[in-house]
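Participant: Chains as they are written, first to last, in our numbering: chain X, 1 to 218; chain Z, 219 to 436. Just so you know, even glycine gets a beta-carbon here, dropped at the ideal spot from N, CA and C. Here's a structure for you.
There are 2 protein chains.
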Amino acid sequence: MSEKIEQTNRTKLRRIPKRGSFDRENIYKILDEAFICHVGFIVENQPFVIPTAYARSDENLLIHGSAASRMMREMSKGIDICVTVTLLDGLVLARSAFHHSMNYRSVVIFGTAKLVKNEAEKHEALRLFTEHIIPNRWEEIRAPNSKELKGTTVLKLEINEASAKIRTGDPIDDDEDYELNIWAGVIPLKIEAGKPIDDKKLPKGIKPPNYALNYSRD
Amino acid sequence: MSEKIEQTNRTKLRRIPKRGSFDRENIYKILDEAFICHVGFIVENQPFVIPTAYARSDENLLIHGSAASRMMREMSKGIDICVTVTLLDGLVLARSAFHHSMNYRSVVIFGTAKLVKNEAEKHEALRLFTEHIIPNRWEEIRAPNSKELKGTTVLKLEINEASAKIRTGDPIDDDEDYELNIWAGVIPLKIEAGKPIDDKKLPKGIKPPNYALNYSRD
């Protein structure tokens, strides 16, 4: 059985708690499928929400950015942050306007991020960012040099205070509405990859690799 | 020419400002194509980031939720919030690990939300939420009754302090890396709809409408 994460006052689900999960395996599955997280942090009493790429290294979420980025600079001070990852799986069309919904899987993580200073650890983090987005590419590309490593800030956030929220399946209508002559059901949604587009500066004869031609998140 | 939104200290783009846009038309296009926003707010010095559906009514962003939701209750107090909408358009595969990127379009809006109290305005907001997600459905479904309207909190946020950030096109590699024998380019990504799935309780003979069969965000 997968380990459960302990609930805290911040992660306790107040609304529709039956959709919640504190199961580490469920949380990791969502984090490993999605690409983008939305990072929330406070500067001078103002909340900011910034989309960014991420990777996971065991029980840590990794975020990176330019050493010149305000977000990275603020977060490396050890402030409280909230990282949210959302996958949209479908539109839930009910018979009543009120019960329209979406199928989704989301994860919310609270904590304070730590600066990754060790150069080998930083290098490994950059490998994980690439591997998270496109497996098998790392071994083909030019590895980061020490100037690039210096220009990149990597932060890690322990996945210790986290919850998942998941809605699946059919709409739930009021009993009397099931008799209405209205179609109801789910339109499934998925991120699909198109045909790879060559860089305009690509020399003739270099073909897209299979991991790009057959790209999928499944 | 489309109206420009004035920059403020909060919306000023510090990183790669050439990717920024303060053009109302660009901002609206992104808001109208996406589904989900991530709302950031502060409760007791802790940032929260919550994914939720939204709609746009002219220069207002509308958010709704259960009257019992903590997020809606906190936000209706007129606190500072930050709403971010992100569309992921592609994976940008460079020759160097360092220059890997994503093509995206995002909008960040700052402000304080106002509670929509007027019942007619609230009803119209609910119509816009449905129309935003699935055009043409509203006229077929059971409209919200007054109990449902009471149970729904609608907030509106003026789109006055907002910016868009957009990355498009090819990877940008270091000059000397263009000679490397590595494929580079973009894998386009898009949210695609699958075949509608009937509600298990749907009576025989009710077929999915065309707007569900041909669903697309284009």
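Report the start-end ranges of each beta strand (DSSP E) in the stretch 33-100 of chain X that is 3 residues or longer and not cut off at the edges.
Facilitator: Here the runs fully enclosed are 36-43, 46-57, 60-66 and 80-93.
Participant: Compare the C-beta of S2 (chain X) with all C-beta atoms of chain Z and state if any pair is closer than 8 Å.
Facilitator: Answer no: the Cβ-Cβ gap between S2 (chain X) and chain Z never drops below 8 Å.
Participant: Short check: CB of L128 (chain X) to CB of L62 (chain X), under 8 Å?
Facilitator: Cβ atoms of L128 (chain X) and L62 (chain X): closer than 8 Å.
Participant: State whether the stretch 158-170 of chain X contacts the stretch 339-355 of chain Z, with contact taken as three or more CB pairs (one from each stretch) at a distance under 8 Å.
Facilitator: Touching, no.
Participant: Could you give the C-beta distance for I134 (chain X) and L309 (chain Z), rounded to a whole number, given that I count them as a contact under 8 Å?
Facilitator: Confirmed, about 6 Å.
Participant: Pull out every residue of the stretch 395-416 of chain Z whose Cβ sits closer than 9 Å to any Cβ of chain X, in chain order.
Facilitator: So the list reads D395, Y396, E397, L398, N399, I400, W401, A402, G403, V404, I405, P406, L407, K408, I409, E410, A411, G412, K413, P414, I415 and D416, given in the order they occur along the chain.
Participant: Using CA atoms only, rank isn't needed, just tell me which of Z:A331, Z:P426 and Z:H350 is closest to R274 (chain Z).
Facilitator: The candidate whose alpha carbon is nearest that of R274 (chain Z) is Z:H350.
Participant: Output the residue ranges of the beta strand (DSSP E) runs that lie fully inside the stretch 153-177 of chain X and measure 3 residues or longer, sorted by chain position.
Facilitator: Correct list: 161-167.
Participant: When you compare each of X:I109, X:G194 and X:L202 to C37 (chain X) by their alpha carbons, which one comes out closest?
Facilitator: Cα-wise, what sits closest to C37 (chain X) is X:I109.
Participant: Please list, in chain order, the chain X residues whose beta carbon lies closer than 8 Å to that of P426 (chain Z).
Facilitator: Under the 8 Å cutoff, chain X gives W183 and G185.
Participant: What are the residues in the stretch 85-98 of chain X lying within 7 Å of chain Z by C-beta distance?
Facilitator: Under the 7 Å Cβ criterion, the stretch 85-98 of chain X contributes T86, L88, L91, L93, R95, S96, A97 and F98.
Participant: Can you tell me whether E224 (chain Z) is helix, strand or coil according to DSSP?
Facilitator: E224 (chain Z) falls in the coil class under three-state DSSP.
Participant: List the residues that DSSP assigns as beta-bridge partners of R360 (chain Z).
Facilitator: DSSP lists X:S96 as partners of R360 (chain Z).
Participant: Going by DSSP, what residue range makes up the alpha helix (DSSP H) through L407 (chain Z)?
Facilitator: Counting along the chain, L407 (chain Z) falls outside any alpha helix (DSSP H), though it belongs to the beta strand (DSSP E) covering G403 to A411.
Participant: What residue from Z:E251, Z:R360 and Z:N378 has the CA that sits closest to E176 (chain X)'s CA?
Facilitator: Nearest C-alpha to E176 (chain X): Z:R360.
Participant: Enumerate in chain order the residues of its own chain whose CB-to-CB distance from G283 (chain Z) is below 7 Å, with the five nearest sequence positions on each side excluded.
Facilitator: Excluding residues within five positions, the ones whose Cβ falls inside 7 Å are T270, M289, M290 and T371.
Participant: Assign Y28 (chain X) to one of three DSSP states: helix, strand, or coil.
Facilitator: It is helical.
Participant: Tell me the rounded alpha-carbon separation between R242 (chain Z) and A68 (chain X).
Facilitator: Approximately 28 Å between the Cα atoms of the pair.
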